[in-house]
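J.: Each residue of the sequence shown is one higher than the one before, counting from 1 in full-length UniProt numbering.
Following this message is one structure expressed as structure tokens.
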Amino acid sequence: MEKQTEIEAAVLRRLLAHLDSRKDVQNIELMNLSGFCRNCLSKWMVAEAAQLDVAVDTDEAREHIYGMPYSEWKAKYQKEATPEQLAAFNASQKK
């Protein structure tokens, strides 16, 4: 496919914009439904950068994914996980 990298980059930007518009959706909900969350995206960014011999640390990647420092996002938007969310997460990790 011509321009595949540009298309994929645009899709990632669109995904990040969508996640940014849905700060109400908690990471644990994303993990329970899809098996990945914003933190996973950050880790994937670090791993893919390393494959290209580019140094990207976790904090830098998280800031890119969250659109702000992770500690700030966590303080503003992250809620305590419910017992039901934690049970679903723990069950999914056993699979």
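Glycine included, each C-beta is placed from N, C-alpha and C at the ideal position.
Note that the structure is predicted; figures quoted are calculated from it, not measured.
Quick one: grab the DSSP three-state call for E48.
T.: Helix at E48.
J.: With a 10 Å radius around its C-beta and 16 neighbouring C-beta atoms as the bar for buried, classify W44 as buried or exposed.
T.: W44 is exposed by the Cβ-count criterion.
J.: Hey, could you find the ends of the alpha helix (DSSP H) V11 is sitting in?
T.: Where V11 is concerned, the enclosing alpha helix (DSSP H) stretches over Q4 to S21.
J.: Below 7 Å CB to CB, which residues in the same chain sit around A88 once its five sequence neighbours on both sides are set aside?
T.: Same-chain partners within the cutoff: N32.
J.: Please state the DSSP three-state secondary structure of E84.
T.: In this structure, E84 counts as helix in the three-state DSSP scheme.
J.: Using a 10 Å radius around the Cβ and a threshold of 16 neighbouring Cβ atoms, would you call N27 buried or exposed?
T.: Buried is the call here.
J.: Check this for me: beta carbons of S42 and A61, under 8 Å apart or not?
T.: Yes; because the gap between Cβ atoms is below 8 Å, this pair is in contact.
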